[in-house]
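Going left to right, the sequence shown walks through residues 0 to 180 as numbering that gives the first Met the number 0 numbers them. Written out below as structure tokens is the structure these notes cover.
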Amino acid sequence: MLTTAQAAEARARAIGYLDRAGIVLTLSEEAEIEVADFGLGELAATGLEIVTYVNTRRCCAKELVLFPGQTCPEHRHPPVDGEPGKEETFRCRWGLVYLYVPGVPTVAPGARPPDAPDGAYTVFHEIILRPGDQYTLEPDTLHWFQAGPDGAVVSEFSTTSRDGSDIFTDTRIQRIPVVEG
């Protein structure tokens, strides 16, 4: 759980990263940056800062900010209401991102998952994204990603995002952030 002060600090820090990436936000977009700690209270290790530009019933566009070593935990976007689940493309804008998907595990991966219960991270085929690199995930594909040592900014282009429907392999995860006092 995050405090209002922690969320404000993370928002301000995320704005700095977006600025480094050359991404200009409006004041209202800056104020609406979502700070997701996934209910674990360990934002530095497991978390994500999100700017949502548009999320309609057909498409979604976001900026994802990750601080150094910060991880978005393993999850998938399952079918919902007869639709196949979210298809998404990640395009690295700044920094370095280690993306993990199903496939042959990478022998010497660049990232390590944060402390979590056994079975919380199960896919270890590494895709490295540097500025200008992109990768598309099919619906319902397990994946997780972690920023490199300087952090990262990633643009996400996808079909409709239904964050509350995401399925995480770590059952402790709460996708929708709770901010108090």
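For each residue, glycine too, the CB sits at the ideal point set by N, CA and C.
Local Cβ density within 10 Å of residue i, reported as buried at 16 or more and exposed below that
i, result
"residue 169", "buried"
"residue 135", "exposed"
"residue 45", "buried"
"residue 25", "exposed"
"residue 110", "buried"
"residue 30", "exposed"
"residue 43", "exposed"
Check whether residue i and residue j have beta carbons under 8 Å apart
i, j, result
"residue 54", "residue 159", "yes"
"residue 120", "residue 73", "yes"
"residue 155", "residue 89", "yes"
"residue 13", "residue 32", "yes"
"residue 176", "residue 138", "no"
"residue 113", "residue 41", "yes"
"residue 70", "residue 145", "yes"
"residue 124", "residue 102", "yes"
Host alpha helix (DSSP H) of residue i (start-end)
i, result
"residue 18", "3-19"
"residue 27", "26-30"
The beta strand (DSSP E) enclosing residue i, as first and last residue numbers
i, result
"residue 55", "Note, residue 55: premise wrong, no beta strand (DSSP E); not H, not E."
"residue 157", "142-157"
"residue 70", "70-75"
"residue 44", "First-last for residue 44: undefined, no H or E at that position."
"residue 23", "Counting along the chain, residue 23 falls outside any beta strand (DSSP E), and DSSP gives it neither H nor E."
"residue 33", "33-35"
Any beta strand (DSSP E) of 3 or more consecutive residues that is wholly inside the stretch 79-133: 87-100 and 124-128
Does the pairing of the stretch 23-43 with the stretch 103-110 give three or more beta-carbon distances under 8 Å? no
Three-pair Cβ contact test at 8 Å for the stretch 137-153 versus the stretch 54-64: yes
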